[in-house]
Each structure stands twice: as C-alpha cells, then as structure tokens.
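Student:
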Amino acid sequence: MKRSLLFTLLGGFAGLISAQTVLVNENFDSYTEGELVAQTIGLPWSTWSVDPGSTEDTPISDEQASSGTLSMKVSGVAAGGPTDLVLRLGDRSTGSYTLSWNMYVPSGNGGYFNIQRNEVPGTGSFMLEVTFKVDGTIEFMNNTVASDGSYPQDTWFSVALAFDLETLDATLDIDGTTQYGWQTDTPGPNQIGGIDFFAYAGGAPNVPLYYVDDVLFTELGPVGIEENALTEVHVYPNPATDVLTVELPHGTTAIASLVDVTGRTVVDGTTFGSRTQFALNGLSKGLYFVRVRENSKDVVRRVIVE
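In my numbering, the protein residues as written are 2 to 307.
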C-alpha cells in the first residue's frame, strides 16, 4: 500500500434516521485461532492486492478479545506491512452509515487504518488516514492537513465512524468521544468504498501491533415523516451534560429513546405526553440520537453529550 495524505477540518453527523440495516457484524468467534480472515471469511473481507491467504491477510487470534475469545490480529514491521487487510463497504455514495469496532493496542506499539473511496483499493483516493502512534496520540490525515487526538493503550476501546453522504458530514469517535470531523467529498468523490487495516505505526522505529473485534457496519434508513412535523419536536439543551429534555405539542403522546452512533439503544423507549427527560449520567461523551415515535412516524434528532 502506498500511503497518501488527506485531511480537512470540521464535520458532524447530521440528518434523520429510522430503520437500521446491519450490513456487517463480525466478532470472529465462529472461526479458529490461526485462520486467516480474508481467506476464511471471504468477501467483504479481502486484501490490498486482492490476494486472500497471502502475507497481506491477517490471522484470527486468541491473544486478545473484546467479546468471546477471538479477535483479528494486525502486526508487521516498522516500515509498514506486510498485513494489509481490506473490509469492502460497497462503493456507497448515498445514505447514512455507521461503522464501529473495538480495538486494542499494546503499549510500545501502534496501529493504523484508512478509508478508501473505492472497494478495490488503490483505484481511488484516500478519504481519511488514522495513525495510532506509540505514545498514545492519534494523527488524523486528510488532504495533507493533520490533526491530533488520543487513545488508551493496553485496554480495549471503541472506534466509531458516522457517515452522512447526503449532508457530506462524517465524524470519528474514540471511546465515545468525537475526536475528528470532516466532509466526505473533500477531496475526491462523495463515496465510501472500504476500510484498510494496514500494519503501520507511524514509521520506523515504531512497530505496528493491534487487535480488532466486534466489527459492525450499519445502514441508517431515511425517515418517512411529514416535514411540518419535524419542527414540533424540541430537544434541548444541545450539547447536554446531565439531563436532556424532549418536548412535543400539548395533547401528543409518543415514545422516545436514546441511541448511540453504533445503533445501540442506551436509554430504552419511554412513553410520554408533551415532555420527558433523559438522565445522561454514566454515558460517554460523544454523539447520540434521540428517536421520537408517534404512531407510525419517527423523527430523529442529533445531540452531543459533553
């Protein structure tokens, strides 16, 4: 893989969602330790050179696991490679999606992934490159402009990407906190093709080693609701810290729930009339969605928990 530098600032995952379609859900526990991911599972898993079973493929490992007993292990040399595993995402240019996984980086090591605009890597541009450095910092690279973040070592943490290809917005959360945002069409076409898990840690002398588990790719369908109804749902404050309030017109009864960027319901649906509140104690900082359902109609509002 030839590294290309891409980067631009700003972003946020906006828009309305309702139905969710799980496109990929993989925790690797159905396989055997030592088997190679792309060779064993097949598509949508592949490698940079489209050569499953080669040195670019990566083994399923029992050394670390976030759930169950197995995960995939990405390791290599300080210069980068040879592991270069690709998860194809379907060359998607419309709609809204979330992609998440759990990741483990041992202290003294680092990791890396990039977002490809085309399913077949190398035939299109890089949307974003993310390097997990050995000192616990993260470099986000897009359009030759870099920004820094941080991540924990020697423990599992979550990586969550949210793409709204209609508004051209995307965000990346680490352990529930939004650390980076960008526009999906800068530079290059507004399209997500795949994720490249490359064995890289920022270059010599840094040695790449990381584990990935619980990969979940979800499509968020559009909402079927009259436009005038959207203005009648009020969610505040936003950003919120301790309590989030949802208000409806008087005489209205609805069900409200709170969902994170992976599509997981973190506060179950509550039936209410006119007004209800969510206690945010214990929730990680980051992006969430309030879903309000009245009869067969849904409305979803984006909120930030600080």
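No residue lacks a Cβ here, since even glycine has one placed at the ideal position from N, Cα and C.
Note down the Cα distance separating E36 from P60, rounded to an integer number of angstroms.
Tutor: Reading the sequence shown from its first residue, position 35 is the one you call residue 36. Reading the sequence shown from its first residue, position 59 is the one you call residue 60. One C-alpha to the other measures close to 5 Å.
Student: In the structure shown, what three-state DSSP assignment does V301 receive?
Tutor: Numbered from its first residue, the sequence shown carries residue 301 at position 300. If DSSP states are grouped into helix, strand and coil, V301 belongs with the strands.
Student: For a test of the three-state rule: what should DSSP assign to V25, helix, strand or coil?
Tutor: The count along the sequence shown starts at 1 and reaches residue 25 at position 24. V25 sits in a strand when the DSSP states are folded into three classes.
Student: Note down, in chain order, each residue of its chain lying with its Cβ closer than 7 Å to the Cβ of N191, except the 5 sequence neighbours on either side.
Tutor: Here residue 191 refers to the residue found at position 190 of the sequence shown. Cβ-Cβ distances below 7 Å link N191 to S94, L166, L169 and T185 in the same chain, with the five nearest sequence neighbours on each side left out; the list follows chain order.
Student: Going by DSSP, name the residue or residues bridged to H235.
Tutor: Within the sequence shown, residue 235 is the residue found at index 234, counting from 1. H235 is bridged to E248.
Student: Hey, how far is the Cα of S97 from the Cα of E220?
Tutor: The count along the sequence shown starts at 1 and reaches residue 97 at position 96. The count along the sequence shown starts at 1 and reaches residue 220 at position 219. Straight through space, the alpha carbons of E220 and S97 are spaced by roughly 6 Å.
Student: Is it the case that the Cβ atoms of A205 and A80 are separated by a distance below 8 Å?
Tutor: Within the sequence shown, the letter at position 204 stands for residue 205. Within the sequence shown, the letter at position 79 stands for residue 80. Result yes, Cβ atoms of A205 and A80 sit closer than 8 Å.
Student: Nearest-angstrom Cα distance between D299 and D269?
Tutor: Counting from 1 along the sequence shown, the entry for residue 299 is found at position 298. Counting from 1 along the sequence shown, the entry for residue 269 is found at position 268. Their backbone Cα atoms lie some 15 Å apart in a straight line.
Student: Identify the continuous alpha helix (DSSP H) that holds Q40 and give its terminal residues.
Tutor: Walking along the sequence shown from the start, residue 40 turns up at place 39. Residues V38 to I42.
Student: What did DSSP end up calling F8 once you bin it into helix, strand or coil?
Tutor: Along the sequence shown, read from residue 1 onward, the residue named residue 8 stands at position 7. The predicted position of F8 is uncertain, since its pLDDT is 26 and thus under 50; a value taken from the coordinates is nonetheless stated next. In the structure shown, F8 sits in coil (DSSP, three-state: anything other than H, G, I, E or B).
Student: Keeping to the same chain, check which residues put their C-beta closer than 7 Å to that of P107; ignore five residues upstream and five downstream.
Tutor: To locate residue 107, count along the sequence shown from 1; it is residue 106. Cβ within range, chain order: Q154, D155 and L210.
Student: So A171 and W183 are supposed to be a Cβ contact under 8 Å. How far apart are they, rounded?
Tutor: Counting from one through the sequence shown, the residue named residue 171 turns up at place 170. Counting from one through the sequence shown, the residue named residue 183 turns up at place 182. Yes, A171 and W183 are in contact; Cβ-Cβ is about 6 Å, under 8 Å.
Student: Keeping to the same chain, check which residues put their C-beta closer than 7 Å to that of L284; ignore five residues upstream and five downstream.
Tutor: The residue labelled residue 284 in the question sits at position 283 within the sequence shown. Around L284: V267 and V306.
Student: Beta strand (DSSP E) containing R265: first to last residue?
Tutor: Taking the sequence shown and counting its residues from 1, the one referred to as residue 265 is at position 264. First-last for R265: undefined, no H or E at that position.
Student: Give me, in chain order, the residues of the same chain whose beta-carbon lies closer than 7 Å to that of A280; leave out the 5 immediate sequence neighbours on both sides.
Tutor: Within the sequence shown, numbered from 1, the residue matching residue 280 stands at position 279. Taken in chain order, the residues that qualify are V244.
Student: If you measure between the beta carbons of W49 and D214, is that distance less than 8 Å?
Tutor: Along the sequence shown, one-based indexing puts residue 49 at 48. Along the sequence shown, one-based indexing puts residue 214 at 213. Cβ atoms of W49 and D214: not closer than 8 Å.
Student: Quick one: what does DSSP say L17 is sitting in, helix, strand or coil?
Tutor: Your numbering for residue 17 matches position 16 in the sequence shown. With a pLDDT of 37 at L17, under the threshold of 50, the modelled position of that residue is not reliable, and no figure is offered here.
Student: Drop a sphere of 10 angstroms on the beta-carbon of P238, count the other beta-carbons inside from all chains shown, and report buried for 16 or more, exposed for fewer.
Tutor: Counting from 1 along the sequence shown, the entry for residue 238 is found at position 237. Classified as exposed, P238 has fewer than 16 neighbouring CB atoms from the shown chains inside 10 Å of its CB.
Student: Suppose you measure from the CA of E227 to the CA of E295; what does that come to, to the nearest Å?
Tutor: Here residue 227 is taken as the residue at index 226 of the sequence shown, counted from 1. Here residue 295 is taken as the residue at index 294 of the sequence shown, counted from 1. Note that E227 has pLDDT 38, beneath the 50 cutoff, so the model's placement of it is unreliable and the number below is only indicative. Rounded to the nearest angstrom, the two C-alpha atoms are 12 Å apart.
Student: For the beta strand (DSSP E) containing T254, name the first residue and the last one.
Tutor: One-based indexing of the sequence shown puts residue 254 at position 253. Per DSSP, T254 belongs to the beta strand (DSSP E) from T254 to D261.
Student: Would you say A161 and T99 are within 8 Å of each other, going by their C-beta atoms?
Tutor: As a first step, residue 161 must be located in the sequence shown, where it is residue number 160. As a first step, residue 99 must be located in the sequence shown, where it is residue number 98. Yes; because the gap between Cβ atoms is below 8 Å, this pair is in contact.
Student: What does DSSP give as the partner residue(s) for K74 in the beta ladder?
Tutor: Within the sequence shown, the letter at position 73 stands for residue 74. Y212, per the DSSP bridge assignment.
Student: Using 8 Å as the threshold, is the C-beta distance between V291 and R302 below it?
Tutor: Within the sequence shown, numbered from 1, the residue matching residue 291 stands at position 290. Within the sequence shown, numbered from 1, the residue matching residue 302 stands at position 301. Cβ atoms of V291 and R302: closer than 8 Å.
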